[in-house]
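Here the structure comes first, spelled out in structure tokens, and everything after it is commentary.
Now the structure itself:
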């Protein structure tokens, strides 16, 4: 009963707002900004279709709004400027909520909490490396340009060689191929890559803790309230838990 009540509130709020939500319904398309991939949250399967936990959440959002879903894929370091210039409606792309980003966009309530972790090549390290092991001039660290992993690596591993890549998959491949020794990135993605490549593993201790939120343009508080209600619905109905069980536990990477 509670599930249907919250859904009814979502629909009523959607019909009432004269905001981005209203514009999306009139247009008939919800445009979502993402970068190329961050599995198992979002990415592309061999058939070119967008898949992942966040993709399924967005499909449910589009169904409630009665619109089609369109993904606009851009480089991560340009994703906020693209939102501000109206290339798409929202960023739902595993974006960490930070004070610096909040100066340029408005964030929803968090929908996932993660942390930065070390992904390393087991041919280089037979036991999990520590921060002290990596903070060395001879160590090569791969990160994604503009990510909080890049910020954490720069701050915590100032003595290491840090290499920036446009996509997170590029950075992870450097470690898998032995061109880099380790990588700093969100725990969800790092653990997924460790499952995908035999030569990769992760440390257990989180270097940081971070919240993911949905980003929209400044000033649209009606849309922000609707997004927060939608996120509450995803959590309280068990939808998020079901998706996490599939994408984080049961799903096997596609090659």
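In the numbering used here, the protein residues as written are 1407 to 1661.
For glycine and all other residues, C-beta sits at the position ideal for the given N, C-alpha and C.
Inter-stretch contact (C-beta, 8 Å, three-pair minimum) for the stretch 1551-1570 and the stretch 1634-1648: no
Buried or exposed (CB count within 10 angstroms, at least 16 for buried), residue 1591: Per the 10 Å Cβ criterion, buried.
DSSP bridge partner residues for residue 1501 (one or two, in chain order): 1619
C-alpha distance - residue 1471 paired with residue 1449, whole-angstrom precision: 23 Å
8 Å CB neighbourhood of residue 1571 in its chain, flanking five on each side removed: 1548, 1549, 1550, 1551, 1577 and 1580
Integer Cβ distance of residue 1630 from residue 1512, believed to fall under 8 Å: For a cut-off of 8 Å, the C-beta gap from residue 1630 to residue 1512 is around 6 Å, short enough to register as a contact.
Collapsed DSSP secondary structure at residue 1488 in the structure displayed: helix
Extent of the continuous alpha helix (DSSP H) to which residue 1656 belongs: Segment: none, residue 1656 is in no alpha helix (DSSP H) and carries neither H nor E.
Residue 1436 versus residue 1478: straight-line alpha-carbon distance, rounded: 10 Å
For residue 1655 and residue 1525, the rounded distance between their alpha carbons: 18 Å
Length-filtered (3 minimum) beta strand (DSSP E) runs lying within the stretch 1596-1650: 1606-1608 and 1616-1622
Residue 1659 versus residue 1532: straight-line alpha-carbon distance, rounded: 24 Å
Reference residue 1527, options 1651, 1510 and 1607, closest by Cα: 1607
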